[in-house]
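Each remark here refers to the structure printed beneath this line.
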Amino acid sequence: MKNGKEMFLSAYDSHSGEIYRHLATRLSSTERAEELLQETFLRAWKVFSEGGRPDNVRAYLYRIATNLVIDEYRRKKEESLDEVLEQTPWKEPSDPAQDSSYLALAREAKDAIMKLPEEEGRLVAMRYIDDMDISEIAEVLGITANNTSVKLHRAVQKLRKILDPKADE
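With the working numbering applied, the sequence shown covers 537 to 705.
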């Protein structure tokens, strides 16, 4: 079994990049994302150094980071999910010929996600932008995996209606 220092170093090496991206896509400044990344790992260090062993380290780190972002929003109340999604970097195709159609599709998807209620938009972003699985999202949000699946399913249904309003007719 790893000691606290080894567990911390392993967690940092494995997850710092993705946690930083998670923070950077939700905050208006890269400097603030770096500060919250440090705070995320500082909080994790405190737990690891005291013998704490989360079952899922990745989900645990995402939960800390997400809570820090929520705290940031509560303090500043400057940004909404709409602004966060506007700043979200979408993966781009490797074939330049696909760029214009890809960018149009990505823009349409962003616009549709921004029309969802904030909690549903956050769920969709965690699942399809952050590429988190259901159990990780559930752990981050502090709800059951079943509840997460139901909420995500409903959010995706709403997203489909937004993208294709004639689909239900």
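Backbone N, C-alpha and C fix where the C-beta goes; we use that ideal spot for every residue, glycine too.
Practice problem: Let me know the secondary structure DSSP gives ASP700 once reduced to three states. | Solution: coil
Self-check item: Cα-Cα separation between LYS646 and ASN539, rounded to whole angstroms
Solution: 42 Å
Practice problem: Specify the secondary structure class of ILE679 as computed by DSSP and reduced to three states. | Solution: coil
Quiz item: By DSSP, does ASN603 sit in helix, in strand, or in coil?
Solution: helix
Exercise. Note down, in chain order, each residue of its chain lying with its Cβ closer than 7 Å to the Cβ of LEU659, except the 5 sequence neighbours on either side.
Key: ILE673, LYS687, LEU688 and ALA691
Quiz item: When DSSP labels each residue in this structure, what does VAL692 get in the three-state scheme?
Solution: helix
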